[in-house]
Each structure stands twice: as C-alpha cells, then as structure tokens.
Amino acid sequence: MSSLLKEKLHYDKTFDCVQCGYCLPACPTYETMEKETHSPRGRINLVKMVAEGKASVEDLREPIEKCLGCMACTTVCPTNVQYGAIFEGAKQVVDDESEKAKPRKLMEDFFFQTFFPSSKWMNSLGNATWFYQTSGLQKISQQFGLTKRVPLPIDKFETILPSMPSPKERRARVGRYVRKRPSCAKVGFFKGCIMDSVFYKTNQNTMELLLRSGAEVVFPKQQTCCGALHAHSGKVDHSIELAKQNIEAFEEEGFDYIVSNAGGCGARLVEYPHLFEEGSSWHERASAFVSRVKDISEVLMEMDGLLFEKELHRTVTYQPSCHLRNVQKVTDEPLALLKQIPGLTLRELERPEFCCGSAGVYNIVNYEEAMDILDVKMKDVCGVKPDRIVTSNPGCHLQMKLGVEREGLSGKMDAVHLVDLLMEADPQPKY
Ligand code: SF4
Ligand code: SF4
Numbered sequence: 395m396s397s398l399l400k401e402k403l404h405y406d407k408t409f410d411c412v413q414c415g416y417c418l419p420a421c422p423t424y425e426t427m428e429k430e431t432h433s434p435r436g437r438i439n440l441v442k443m444v445a446e447g448k449a450s451v452e453d454l455r456e457p458i459e460k461c462l463g464c465m466a467c468t469t470v471c472p473t474n475v476q477y478g479a480i481f482e483g484a485k486q487v488v489d490d491e492s493e494k495a496k497p498r499k500l501m502e503d504f505f506f507q508t509f510f511p512s513s514k515w516m517n518s519l520g521n522a523t524w525f526y527q528t529s530g531l532q533k534i535s536q537q538f539g540l541t542k543r544v545p546l547p548i549d550k551f552e553t554i555l556p557s558m559p560s561p562k563e564r565r566a567r568v569g570r571y572v573r574k575r576p577s578c579a580k581v582g583f584f585k586g587c588i589m590d591s592v593f594y595k596t597n598q599n600t601m602e603l604l605l606r607s608g609a610e611v612v613f614p615k616q617q618t619c620c621g622a623l624h625a626h627s628g629k630v631d632h633s634i635e636l637a638k639q640n641i642e643a644f645e646e647e648g649f650d651y652i653v654s655n656a657g658g659c660g661a662r663l664v665e666y667p668h669l670f671e672e673g674s675s676w677h678e679r680a681s682a683f684v685s686r687v688k689d690i691s692e693v694l695m696e697m698d699g700l701l702f703e704k705e706l707h708r709t710v711t712y713q714p715s716c717h718l719r720n721v722q723k724v725t726d727e728p729l730a731l732l733k734q735i736p737g738l739t740l741r742e743l744e745r746p747e748f749c750c751g752s753a754g755v756y757n758i759v760n761y762e763e764a765m766d767i768l769d770v771k772m773k774d775v776c777g778v779k780p781d782r783i784v785t786s787n788p789g790c791h792l793q794m795k796l797g798v799e800r801e802g803l804s805g806k807m808d809a810v811h812l813v814d815l816l817m818e819a820d821p822q823p824k825y
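Final position of the sequence shown in the numbering used here is 825; the numbers increase by one with none missing.
Below is the structure:
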C-alpha cells in the first residue's frame, strides 16, 4: 500500500490501540448494532488492515459511515488513542475511493459547500422556513403528505422545528451590544450555522445573557461555519479554509472570550490548531484563538454576574452534547447553572455520556440506526421522569424533541436549550 494512503489513514496512530476493549461499553453503535466492526476497536483494526492492504476501502465504508463521531471512546481509552484523527482520515479515504459512498458524498458536497459556509444561504433557509410555517403551506404539505415524498426523513423533523423569527426580526440585529455600566469582559459571539438559522432566538438570548452578566458583546460579521460537519465528512481542506476565516474574523477586536452555545461548533473551534503544522504562523494564530474559546456555560459561571429572580417549578434532566462533554470537556458548568434557578428540580441521567444519535447529519443519513440509539437514550430519560430535557447543541435539541414525540410524550415533556431556560428564569445583573 502507498505511503500516502497510510498517511491519510493515520496508520501510525492505529498502533496506540492495544485492543483492550475498554471502549466497547462506551460505544453507542457497538451497543445497538452488536458488531465488532462497529466498535472503536474494530474500526481502528479495519483502518490498519486497509492501510496494510489486507482489507479494502469498501470493507471500511459501512463501519465508518455508521460511526457517530461522538468521541465517547476517547474519554475511556487508557492509551489515549487519537480516534478523532483516525476517523476523519478514514472518512476522507472512503469518500475519495468508494463508489458506493458517491451519492452521500454528492449530497454532502452540495449542502456543506453551498449552505453552511454562507450566512446569506442560512438566513434565506430560515426565512423560507418562516414563510413555510406562517403562510399555511406547512398545513397543506402535512395534509397531503408532501414531505413524505422527499427521499430524506424531512417529514420527521419539520414538525419539531421551533417557530422562526420573521425576516424583519432578523434584519434588526445589531453587531455590538454595549452596557450602560462598565463592562467586565469583551466577548466575541460565535453564531454557528444551524443555531443562527433555526435557533435564532436562542442566539439572541445568549447575547442577552452575556450582556446582563456584565460583558460587552460583539458579533463579528466575517465569521463563518466552524467546519465541524465538513471535517466529520472527510472534507478536511474545506474545513481548514473555514478555520482560517474564523481565526481572522475574531482576531481584530482583542476579545477576552470567544463564546459558542453549540457543543458541536465549540468542539470544532478548539481543535483548530490540529489543522495546521506545528510552528507555522497559522498554528500560532489558531492556538491564540483557541485559548479564548469557551462554551456559554463556562463564561456565565466565570463571570458570575446573574441573579435568577423567577422560580421555575419544573423537573429537568440534562442531556449533554457529546462534543461539549468529550472534546471541550465541559461537564459541571451547565449543571451548576441549572442549580442556580430557584424552584427547579434537577434529576441527572444514569448514562449522560451516551450519545442521543443526532451527531451532525447522522440522524438524517442514517435515520434507522439513529432512532435505535435515540430509543436507548429515551429509556434513560423516561427513567428519571423529567418534564423538560435541557440540551446544549442544536442537533441534540431536535433529536430530543423527536425522542419525546416517539415516546408519545408531547405535551407532557419538552426539550429546551440551556440558554432559553436560563432566560425564562428572569436573570438580572448582579453588579
Ligand atoms: S480503549 Fe483504546 S486501546 Fe483499548 S481497544 Fe479501545 S481504542 Fe483500543
Ligand atoms: S466515536 Fe462514538 S460511535 Fe464512533 S467509535 Fe467512538 S464511541 Fe463509537
């Protein structure tokens, strides 16, 4: 096999795996699919075999396409195997060389190169959805089952989308939010693509929370998609271009923090230095960028500037985003914030580390498998009997809403982003 293929597959990194199997109980696809090839150990073995010419890229395709990229395996691995790099390399090789991967690749190319990097496209998508929801088109479409005719499971998701803001509301957003009193920090807000298109109101609430906490909040216009979906789909070169654009966009203002409210995006941002050669100027700039990247929950806890005035008599559980937990390593802050809300009862899941099955576009391209994983998650959720599930990532948010519907619990349970729940509790500035 060529040394180039070995390099692309990160062959050298596969030797860090000692085949101990500690990662098997942590892997959702191993649990639900019950195949060694669909476990972290099995996938690493396959990558090694492909690099050595003992298996074909086609043998690797399905196990890699069915991996969630949740990184739960990396948190339990005693030898610190860099599964993320091995996975991304394998995805790229599968995309480049497998004929059967071509239809998926074409679809991903279209979405990832056209939609996600473009604020214009994402805003248009949000505005089109607003029109669809408010013009009566959605009712007609549901009545005649039009979305069921689309090849992707769009019909499953359209009913759980939040209501969109009007185009006028979107246009009214300003680029800078300044307090009347002196600010304790200058924050650059990373808006994300799906977050800003579909969860626009959560983004507005995030900036409002930061402002009330004592920060000046700036919304750099040149920022773009974080590149997470591109990297997880093997489009590493495109993901590097997006990383450079974001680093430049946030360099000018000298921010104390760069804040994200989506686990998937935040996890990608903190990985930017790995995209560049050590010692290069881009590596240096990426490292300076990452030193300021924080999740909203970390910054709110660090600034400690809010007092929650309204009692919320609800019982909640917290479903952490895998990337927030396993890559950004943020675990305690969301729970600490929830504990500050008066009247709220918090019941923790037995297996919070188990992925919900959303994983970027996994639940769209691997719908059946994602639903099997979601069913395991919902069993845990139902065990603690909450009336709300608190999330920290747009994909998890929609997936948990879908889980509530699948369990027939609509009206008795709902899903909410942490930020929106905090806003419901009427946070007031402490200082
Ligand atoms: S825990 Fe780590 S070393 Fe052990 S089998 Fe899994 S990936 Fe390999
Ligand atoms: S990233 Fe998640 S789904 Fe993939 S091998 Fe690791 S634990 Fe399993």
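Here a beta-carbon is modelled for each residue, glycine too, at the ideal position from N, C-alpha and C.
Residue i: CB within 7 angstroms of a non-hydrogen atom of ligand 2
i    : result
Y477 : yes
G387 : Absent from the structure is residue 387, since the part of the chain shown begins at 395 and ends at 825.
A466 : yes
C750 : no
C620 : no
C461 : yes
Three-state class that DSSP yields for residue i in the structure shown
i    : result
P823 : strand
D650 : coil
D808 : strand
I458 : helix
G447 : coil
P788 : helix
K562 : helix
T618 : coil
Q793 : helix
C659 : helix
N760 : coil
R435 : helix
F538 : coil
I634 : helix
Y405 : helix
Y416 : coil
I548 : helix
F683 : helix
S591 : helix
P422 : helix
L604 : helix
E645 : helix
E411 : Contrary to the premise, residue 411 reads as Cys rather than Glu in this sequence. Three-state result, C411: coil.
R745 : coil
L440 : helix
G530 : coil
T553 : coil
Any non-hydrogen atom of ligand 1 closer than 7 angstroms to residue i Cβ
i    : result
P422 : no
T473 : yes
G415 : yes
R435 : yes
E412 : For the sequence presented, residue 412 should be read as Val rather than Glu. Result yes, Cβ under 7 angstroms from ligand 1.
V441 : no
V470 : yes
I634 : no
I480 : no
I438 : yes
Rounded Cβ spacing between residue i and residue j (contact assumed at less than 8 angstroms)
i    : j    : result
L519 : S577 : Going by Cβ atoms, the distance from L519 to S577 rounds to 33 angstroms, so no, they are not a contact pair.
R564 : N599 : Rounded, the Cβ-Cβ distance is 15 angstroms, inconsistent with contact.
E801 : M772 : 5 angstroms
E610 : M817 : Not confirmed; about 19 angstroms, so no contact.
K580 : F644 : 11 angstroms between Cβ atoms; not a contact.
K824 : L700 : 6 angstroms
T431 : P457 : 5 angstroms
L399 : A445 : 6 angstroms
K795 : I554 : 4 angstroms
V475 : D410 : 5 angstroms
Q617 : N640 : 6 angstroms
Y571 : L531 : Incorrect: roughly 34 angstroms between the Cβ atoms, too far for contact.
I652 : G582 : 5 angstroms
A466 : C716 : 6 angstroms
Bridge-paired residues (DSSP) for residue i
i    : result
R570 : V612
R782 : V710, D808
F583 : V653
Quiz item: Along the chain, which unbroken stretches of the beta strand (DSSP E) at least 3 residues long are found entirely within the stretch 685-739?
Solution: With a minimum length of 3 residues, the continuous beta strand (DSSP E) runs that stay inside the stretch 685-739 are 687-689, 700-702, 709-712.
Quiz item: What are the complete alpha helix (DSSP H) segments, minimum 4 residues, inside the stretch 459-520?
Solution: Listed in chain order, they are 466-470, 477-491, 496-504.
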